[in-house]
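Worksheet for the structure shown next.
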Amino acid sequence: MPIQRIKHNFKDYNYVAEFDLQTQEFDFRISYPDSKERPPFLFKYYGLNDNNINAVTSNYLFSAHPDQLNDKYDCSGDLIDYSNLRKEFFIQTLVTVAKKYTTKELNEIWGSEYKWVLLKNISEFERTRLFMKFGIISFSSKENDTLLWSYYAQNSGFALKLNTDLLPKTFIGPFFINYSAELSKIVYTEDNPPMCIHYQTNVKENVWKHEDEWRYITYNPYGHYHPDFGKSDINSRKSFYNKNSIAEIILGYNFFNIKEITRLKDFDLITLKPSNGKGINRKKLKRRLLSYIVNNKIPCSQIIRKTQEYELFNMPITIEKISCNKFKIISNLQPPELIIMPNT
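Numbering (our numbering), first residue to last: 642 to 985.
This is how it looks when you write it as structure tokens:
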């Protein structure tokens with residue numbers, strides 16, 4: 642089968658999908674109305690938990706299934722119009738493959754007022770099927786946005802600053818999100834599922850516009866992962882990258898709590914000694930991340946805040962490991978009075 646090329650336009654975003662279904666090769670592109678260029682760096686915000694620390698220290702980005710995204714209209718099946726499909730497609734999909742109906746049952750529903758149920762089922766099935774192989778990695782071009790630090794890192798997590806030129810060429814994108822006040826459907830045909838994927842992953846509601854999101858698409862032809870159907874194939878969603886892609890790791894404003902900090906004249910002493918009770922695992926996670934930064938000589942900073950305006954600020958720091966439980970944090974910038982240090 643020769644390479645197929647499909648185009649679609651929405652709000653002056655010109656989408657192109659080129660694909661060969663036999664070789665399972667895909668090439669997605671977008672032409673933007675304002676000649677938008679890919680940022681040299683993108684930022685990934687993380688909360689402090691086991692999965693996120695494992696991802697960073699093992700150098701992979703998790704390719705999410707849409708059901709794992711916090712916006713319920715993100716990659717929604719409501720963006721796809723299935724109403725023009727032949728009844729034979731519904732029989733093949735919902736009877737033969739999904740085994741949700743018998744042919745008799747489907748025929749009865751097809752000619753009734755409840756045909757919308759078949760449209761809903763085909764939408765859910767196609768979304769599940771396609772995104773078992775396709776995944777999403779979301780970034781922002783914003784480095785120290787107050788809302789992003791609050792939403793995704795709870796201010797106690799961290800962020801990666803990644804060099805986009807050094808990320809794997811197997812990642813498709815990144816594509817800037819097409820923010821829209823309207824939910825506009827693309828017509829599904831039996832020949833255009835790749836374009837539907839491309840479009841579905843790029844259109845979001847206007848309320849998310851402040852995030853300045855850029856998104857990569859990943860594809861694994863052997864993947865069969867779905868978060869509701871068990872995690873046996875979860876490793877297929879791990880998209881590995883070279884650690885040299887990390888330009889910087891940024892610690893959140895509340896990454897350290899006040900009990901862990903001893904303010905000394907020239908540095909802060911951070912003590913993350915294990916103890917019984919609350920916070921044991923969080924201390925362990927912090928030790929792992931700090932040790933990873935030190936061992937790999939990764940540039941680091943911490944978020945601090947200004948007092949004269951609503952603005953966060955990145956303070957460059959140097960981390961030295963004194964023992965397995967103690968770290969020295971040295972500020973590479975003497976903060977003037979208008980800056981407030983964390984936990985002071």
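Even glycine gets a Cβ: it sits at the ideal position worked out from N, Cα and C.
Excluding its 5 nearest sequence neighbours in each direction, Lys924 has C-beta neighbours in its own chain below 7 angstroms: Leu913, Pro915, listed in chain order. Taking Glu749 as reference, the option from Lys728, Tyr866, Ala705, Thr948 with the minimal CA-CA separation is Lys728.
When Lys740, Arg768, Ile732, Glu889 are compared, the shortest CA-CA separation from Trp751 is found for Ile732. As the crow flies, the alpha-carbon of Asn725 is around 28 angstroms from that of Ser672. When beta bridges are read from the DSSP output, Val844 appears opposite Asn819. The straight-line gap separating the alpha-carbon atoms of Lys774 and Glu666 is approximately 12 angstroms. Listed as beta-bridge partners of Arg904 by DSSP are Asp909. When DSSP assignments are scanned along the stretch 718-753, the uninterrupted stretches of alpha helix (DSSP H) that are 4 or more residues long and fall wholly within it turn out to be 728-731, 744-751. Burial of Cys837 is indicated by the presence of at least 16 other C-beta atoms within 10 angstroms of its C-beta. Residue state for Arg679 is assigned as coil, using DSSP reduced to three classes.
Separation of Ser779 and Leu931 (C-alpha to C-alpha, rounded to the nearest whole angstrom) is 24 angstroms.
In this structure Leu801 is buried. Its beta-carbon is surrounded by 16 or more other beta-carbon atoms within 10 angstroms. Inter-segment contact for the stretch 802-811 and the stretch 880-889 is present: three or more beta-carbon pairs are separated by less than 8 angstroms. If the five residues before and after Ile970 are omitted, its C-beta is found closer than 7 angstroms to the C-beta atoms of Phe908, Asp909, Ile911, Ile958, Ile960, all from its own chain and listed in chain order. Annotation for Thr744: Ile732, Val736 place their beta carbon closer than 8 angstroms to its own, counting only its chain and skipping 5 residues before and after. Cβ neighbours of Phe870 within its own chain (closer than 7 angstroms, five residues either side excluded): none. Remark: fewer than three beta-carbon pairs, one from each stretch, lie closer than 8 angstroms, so the stretch 809-828 and the stretch 783-793 are not flagged as touching.
Boundaries for Ser942: no alpha helix (DSSP H) harbours it, while the beta strand (DSSP E) harbouring it runs 941-947, taken from the DSSP string. Phe954 and Lys947 do touch by the CB rule: their CB atoms are close to 6 angstroms apart, below 8 angstroms.
Each residue's CA atom was taken as its position, placing Tyr687 and Lys652 some 31 angstroms apart. By a beta-carbon distance limit of 8 angstroms, Gly798 does not contact Ser704. Their separation comes to about 20 angstroms. With contact defined as three or more Cβ pairs closer than 8 angstroms, the stretch 927-942 and the stretch 755-766 are not in contact.
Check the Cα spacing between Gly864 and each of Trp849, Leu759, Ser880, Gln645: the tightest is with Ser880.
Between Lys927 and the set Lys906, Phe968, Met956, Glu950, the nearest pair of CA atoms involves Phe968. Under the three-state reduction of DSSP output, Ile827 falls in the strand class. Annotated three-state conformation of Pro834 is helix, per DSSP.
Ranked by Cα distance from Phe812, the first of Phe660, Tyr857, Ser877 is Tyr857. By the criterion of a C-beta distance shorter than 7 angstroms, Ile694 is surrounded in its chain by Leu926, Arg929, Leu930, once the five residues flanking it on both sides are discounted. In this structure, the alpha-carbon of Glu659 lies about 15 angstroms from that of Asn650. Under the DSSP assignment, Arg670 falls outside any alpha helix (DSSP H), being part of the beta strand (DSSP E) whose first and last residues are 666-672. Contiguous beta strand (DSSP E) elements confined to the stretch 748-805 occur at 775-781, 799-804, taking only those with 3 or more residues. Taking C-beta atoms under 8 angstroms as the contact rule, Gln841 and Leu720 qualify, at a distance of about 5 angstroms.
Among the bridge pairs identified by DSSP, Ile960 is matched with Ile970. In this chain, the beta strand (DSSP E) harbouring Ala888 covers 887-892.
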